[in-house]
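Residue numbers (the numbering used here), protein chains in the order written: chain C, 25 to 532; chain S, 210 to 402. For each residue, glycine too, the CB sits at the ideal point set by N, CA and C. Since the model is a prediction, treat every value here as computed from it, not as a measurement. Structure record follows, encoded as structure tokens.
As structure tokens, then:
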């Protein structure tokens, strides 16, 4: 305890009030990265110990011996195919890569969603239902952010956005941050662990998109464009979490940003209003791709961690589905207790893990090295992707846990195509602002508004993206993965019928 | 004199070995993340209050954490983590300021002269923040250090004593003298306005 005269306490209070600024956000990751470089590699966290004495039993224990009794049943149930693996990995070779928990602790959007959820709950009152005359569980919410929303310019949307203004500001604040990661226990990764958060981020992205479109309608295109840029960053944030699902959600939010951009651009009246969008950044899908590569590595690590848990008898095959895929505690069954787990551990796991690793290596190689190598040969790319996605003869483990290499790769290409298309729309808007009309061809934009006419990443022979200009709108599209021109993107309300053109339309 | 009962001043948590220190000695990365979260903001603020340039402060703290990671074995014998970390900061700041003094003594004098001329040229009175910064800058380094460690570092006088190698009563005296001098300087600045 210290007793100070009042006048000195006033000075003390002044010093406390005028405290110097704290460290920048970036200092944390910079410092901890440097610290990790200094620490010995053995001390990295979450290394699953697969030492000889803790897992991968070399001798049969009593329960394992009993499992031999059930072998004939197991052969019928599991299938003889998995016993054909011949090159078993040593325990050390299935050591999963370390994940740095320290880097996964930043919190970004997490506080935001409850606001939206509260609004949903608040609007889901009996009074609201009777007033809206709709039996839907969340009438207000569904009519503003749902599949068949009200017109952006409607009063109801305005009221909704006004009520959500604090949340929208919070989302904007969140997108300004360096990164946005949810605080999860990455030392025990599970497939389901980010499903909720990524779902919530998509809802928040829809809200920000709605706000951007409303601002454009209300005559504030610069603010709308700034929100589009934030939406794009939100997509990058979502994609940076180290799971395949995060990459998919990131690309989906990125796609939403680009379609919002297409809707907002016709309202732009001056080139300065486009300042928030960086054309160079827009034309680069590399952020999404590098995030996807990290996600694939983590998916592999997660699979290996689970394999280590099985090997270490921490989880059993009989509880595996519940614990790993659904997140519930799982119930041990008599069937599993007796013989399935020991049998799988002793006779199948090594071969399964070997198969899983081999396939993961191939998939990551495909994503890392071949992505740009096959940039100009979509046919070869399609062939390789189809080959890599086959799981013929794959082990049970690979069948369950194989990361979605092929789908993620395809999503990456679609994301690149969409960004190229958005880049053309942006350039076309600058053209409109300079000349008073939209361009009739891609060539009209080069070189003043675009450094080069972008090729369609799905088309053979360096064919360019298609540009179709009508009286009402300008559409730019790619022929998509089926390599066939289906006449442009179909409206969302229509069935696909095998048509997969990817495009964006901008009203005149 | 400020009454400073040492027993009360030392938090109980420091009377047993901090488990974090053991994890740090073992080189556990998550322990260093926890160390950062516990200390970084206080360290940066304290270093800034001790007169380091804001731009240099983050480098000092960054290097400090790296140095502590390199010599992590020292954590094994640490009982009071706060005192250990702030002692390390004090040394780092002293080294930094010594280097700066040697390198830029001449430049500083020239810049100071320029600033004085600029001060005379401007009619606007200094803000409260500027007045406080000027007043702090005019304190002797050891008093400024006591203010930084107490206000921004959140250390007790016993801990300040351990950090600076002085008795807790001396630490308390330095702090009080600093406040008195600041009060006089601040009153002067308001009167001169």
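Query raised in the report: Going by beta carbon distance, what residues of the same chain come within less than 6 Å of residue 219 of chain S, once the five residues before and after it are set aside?
Result: Stepping through the second chain from its first residue, residue 219 of chain S is reached at position 10. Confidence at residue 219 of chain S is low in this model, with a pLDDT of 38, below 50, so its placement is unreliable and the value that follows should be read with caution. A distance below 6 Å between beta-carbons, with the five flanking residues on each side excluded, links residue 219 of chain S to the following residues of its chain, in chain order: 367.
Query raised in the report: From S/378, S/227 and S/346, pick the residue whose C-alpha is nearest to that of residue 390 of chain S; which is it?
Result: The residue you call residue 390 of chain S lines up with position 181 of the second chain. When each option's Cα is compared against that of residue 390 of chain S, the closest is S/346.
Query raised in the report: Is the Cβ of residue 222 of chain C closer than 8 Å to any Cβ of chain S?
Result: One-based indexing of the first chain puts residue 222 of chain C at position 198. No, because no Cβ of chain S sits closer than 8 Å to the Cβ of residue 222 of chain C.
Requested in this report: Could you check which residue in S/244, S/342, S/387 and S/352 has the C-alpha nearest to that of residue 262 of chain S?
Outcome: Locating residue 262 of chain S in the second chain gives position 53, where the first residue counts as 1. Comparing Cα-Cα distances from residue 262 of chain S to each of S/244, S/342, S/387 and S/352, the minimum goes to S/342.
Report task. Would you mind reading off the limits of the alpha helix (DSSP H) that contains residue 501 of chain C? Result -> The residue labelled residue 501 of chain C in the question sits at position 477 within the first chain. Premise fails: residue 501 of chain C lies in the beta strand (DSSP E), 497-502, not in any alpha helix (DSSP H).
**Report entry** Close-in-space but distant-in-sequence residues of the same chain around residue 466 of chain C (CB under 6 Å, 5 per side omitted)
**Finding:** As a working note, residue 466 of chain C is residue 442 in the first chain. So the qualifying residues of the chain are 477, 488 and 491.
Query raised in the report: Near residue 278 of chain C, which residues of its chain fall below 7 Å by C-beta distance, leaving aside the five closest residues on each side in sequence?
Result: Residue 278 of chain C sits at position 254 when you count from the first residue of the first chain. Hits under 7 Å: 256, 259, 312 and 439.
Report task. Under 9 Å between beta-carbons, which chain S residues line up against residue 58 of chain C? List them in chain order, please. Result -> The residue you call residue 58 of chain C lines up with position 34 of the first chain. Within 9 Å Cβ-Cβ: 271, 272, 274, 275 and 278.
Requested in this report: Starting from residue 245 of chain S, find everything on chain C with Cβ-Cβ shorter than 7 Å and list it in chain order.
Outcome: Looking up residue 245 of chain S in the second chain gives position 36. Per Cβ cutoff of 7 Å: 52, 55 and 56.
Query raised in the report: By how many angstroms is the C-alpha of residue 276 of chain C removed from the C-alpha of residue 281 of chain S?
Result: The residue given as residue 281 of chain S occupies position 72 in the second chain. The residue given as residue 276 of chain C occupies position 252 in the first chain. Roughly 45 Å between the two C-alpha positions.
Query - residue 256 of chain S beta carbon less than 8 Å from that of residue 266 of chain S - result: Within the second chain, numbered from 1, the residue matching residue 266 of chain S stands at position 57. Within the second chain, numbered from 1, the residue matching residue 256 of chain S stands at position 47. It is a contact, given that the beta carbons lie within the stated cut-off.
Query raised in the report: Under 8 Å between C-beta atoms, does residue 35 of chain C make it to chain S?
Result: As a first step, residue 35 of chain C must be located in the first chain, where it is residue number 11. Residue 35 of chain C counts as touching chain S.
Requested in this report: Determine which residues share a DSSP beta bridge with residue 285 of chain C and list them.
Outcome: The sequence position of residue 285 of chain C within the first chain is 261, counting from 1. The partner list for residue 285 of chain C (beta bridge, DSSP) is empty, contrary to what the question assumes.
Query raised in the report: In chain S, what lies closer than 8 Å to residue 266 of chain C by C-beta?
Result: Working through the first chain from its first residue, we reach residue 266 of chain C at position 242. What residue 266 of chain C touches in chain S: nothing, since even the nearest Cβ is about 16 Å away.
Query raised in the report: How many Å lie between residue 50 of chain C and residue 351 of chain S at the Cα?
Result: As a first step, residue 50 of chain C is located in the first chain; it is residue number 26 there, counting from the start. As a first step, residue 351 of chain S is located in the second chain; it is residue number 142 there, counting from the start. So the two alpha carbons sit approximately 31 Å from each other.
Query raised in the report: residue 356 of chain S and residue 364 of chain S look like a contact to me (Cβ under 8 Å); what is the Cβ gap, rounded to whole Å?
Result: In the second chain, residue 356 of chain S corresponds to position 147, counting from 1. In the second chain, residue 364 of chain S corresponds to position 155, counting from 1. The Cβ separation is near 11 Å, so there is no contact.
Query raised in the report: Rounded to whole angstroms, how far is the Cβ of residue 273 of chain C from the Cβ of residue 222 of chain C, which I believe are closer than 8 Å?
Result: Counting from 1 along the first chain, the entry for residue 273 of chain C is found at position 249. Counting from 1 along the first chain, the entry for residue 222 of chain C is found at position 198. So it is a contact: roughly 4 Å between Cβ atoms.
Query - Cβ distance (whole Å) where residue 250 of chain S is taken to contact residue 46 of chain C below 8 Å - result: Taking the first residue of the second chain as position 1, residue 250 of chain S is located at position 41. Taking the first residue of the first chain as position 1, residue 46 of chain C is located at position 22. Yes, residue 250 of chain S and residue 46 of chain C are in contact; Cβ-Cβ is about 4 Å, under 8 Å.
**Report entry** Rounded C-alpha distance that separates residue 482 of chain C from residue 297 of chain C
**Finding:** Taking the first chain and counting its residues from 1, one reaches residue 482 of chain C at position 458. Taking the first chain and counting its residues from 1, one reaches residue 297 of chain C at position 273. Going from the Cα of residue 482 of chain C to the Cα of residue 297 of chain C covers about 32 Å.
Query raised in the report: Hey, how far is the Cα of residue 299 of chain C from the Cα of residue 55 of chain C?
Result: Position 275 of the first chain, counted from the start, is the residue given in the question as residue 299 of chain C. Position 31 of the first chain, counted from the start, is the residue given in the question as residue 55 of chain C. One C-alpha to the other measures close to 33 Å.
Query raised in the report: Do the region 280-296 of chain C and the region 239-249 of chain C touch if we need at least three Cβ pairs shorter than 8 Å?
Result: Touching, per the Cβ criterion.
Query raised in the report: I think residue 402 of chain C touches residue 507 of chain C, with their Cβ atoms under 8 Å apart; what is that distance to the nearest whole Å?
Result: Looking up residue 402 of chain C in the first chain gives position 378. Looking up residue 507 of chain C in the first chain gives position 483. About 7 Å separates the two Cβ atoms, so the contact holds.
Query - residue 270 of chain S beta carbon less than 8 Å from that of residue 253 of chain S - result: For the purposes of this step, residue 253 of chain S is taken as the residue at position 44 of the second chain. For the purposes of this step, residue 270 of chain S is taken as the residue at position 61 of the second chain. Yes, these two residues count as a Cβ contact at 8 Å.
Query raised in the report: Beta-carbon of residue 43 of chain C versus every beta-carbon of chain S: anything under 8 Å?
Result: For the purposes of this step, residue 43 of chain C is identified with residue 19 of the first chain, where counting begins at 1. Yes - at least one Cβ of chain S is within 8 Å of the one on residue 43 of chain C.
**Report entry** residue 522 of chain C versus residue 294 of chain C: straight-line alpha-carbon distance, rounded
**Finding:** Along the first chain, read from residue 1 onward, the residue named residue 522 of chain C stands at position 498. Along the first chain, read from residue 1 onward, the residue named residue 294 of chain C stands at position 270. Computed Cα separation, rounded: 40 Å.
Query raised in the report: Nearest to residue 225 of chain C by CA position, among C/239, C/196 and C/241, is which residue?
Result: Against the first chain, residue 225 of chain C aligns to sequence position 201. Residue 225 of chain C has its Cα closest to that of C/196, out of C/239, C/196 and C/241.
Query - Same chain, Cβ closer than 6 Å to residue 457 of chain C, five either side skipped, listed in chain order - result: One-based indexing of the first chain puts residue 457 of chain C at position 433. So the qualifying residues of the chain are 295.
Query raised in the report: Which same chain residues, not among the five before or five after residue 268 of chain S, have their C-beta less than 7 Å away from its C-beta?
Result: One-based indexing of the second chain puts residue 268 of chain S at position 59. Result list for residue 268 of chain S: empty, nothing under 7 Å.
Query raised in the report: What residues of chain C sit near residue 298 of chain S, judged by a beta carbon separation below 8 Å?
Result: Taking the second chain and counting its residues from 1, one reaches residue 298 of chain S at position 89. Residues of chain C passing the Cβ test: none, with the nearest at roughly 13 Å.
Report task. Measure the alpha-carbon distance for residue 31 of chain C versus residue 395 of chain S and round it to whole angstroms. Result -> In the first chain, residue 31 of chain C corresponds to position 7, counting from 1. In the second chain, residue 395 of chain S corresponds to position 186, counting from 1. C-alpha separation (whole angstroms): 12 Å.
Report task. Taking only the alpha-carbon atoms, compute the straight-line gap between residue 74 of chain C and residue 332 of chain C and give it to the nearest angstrom. Result -> The count along the first chain starts at 1 and reaches residue 74 of chain C at position 50. The count along the first chain starts at 1 and reaches residue 332 of chain C at position 308. The predicted position of residue 74 of chain C is uncertain, since its pLDDT is 31 and thus under 50; a value taken from the coordinates is nonetheless stated next. Residue 74 of chain C and residue 332 of chain C: Cα-Cα distance of roughly 7 Å.
**Report entry** Closer than 8 Å to chain C by CB, residue 369 of chain S
**Finding:** As a position in the second chain, residue 369 of chain S is number 160, starting the count at 1. Residue 369 of chain S does not count as touching chain C.
Query raised in the report: Near residue 446 of chain C, what residues of its chain come up, given a Cβ to Cβ distance below 8 Å and the 5 sequence neighbours on each side ignored?
Result: Residue mapping note: residue 446 of chain C aligns to position 422 of the first chain, counting from 1. Same-chain partners within the cutoff: 282, 285, 286, 306 and 528.
Query - Straight-line gap, residue 303 of chain S to residue 199 of chain C (C-alpha atoms, nearest Å) - result: Translated into the one-based positions of the second chain, residue 303 of chain S becomes position 94. Translated into the one-based positions of the first chain, residue 199 of chain C becomes position 175. Approximately 39 Å, taken between the alpha carbons.
Query - Closer than 8 Å to chain C by CB, residue 341 of chain S - result: Within the second chain, residue 341 of chain S is the residue found at index 132, counting from 1. With 8 Å as the cut-off, residue 341 of chain S counts as an interface residue toward chain C.
**Report entry** Contiguous beta strand (DSSP E) assignments of at least 3 residues, all confined to the region 449-505 of chain C
**Finding:** Whole beta strand (DSSP E) segments, 3+ residues: 490-493 and 497-502.
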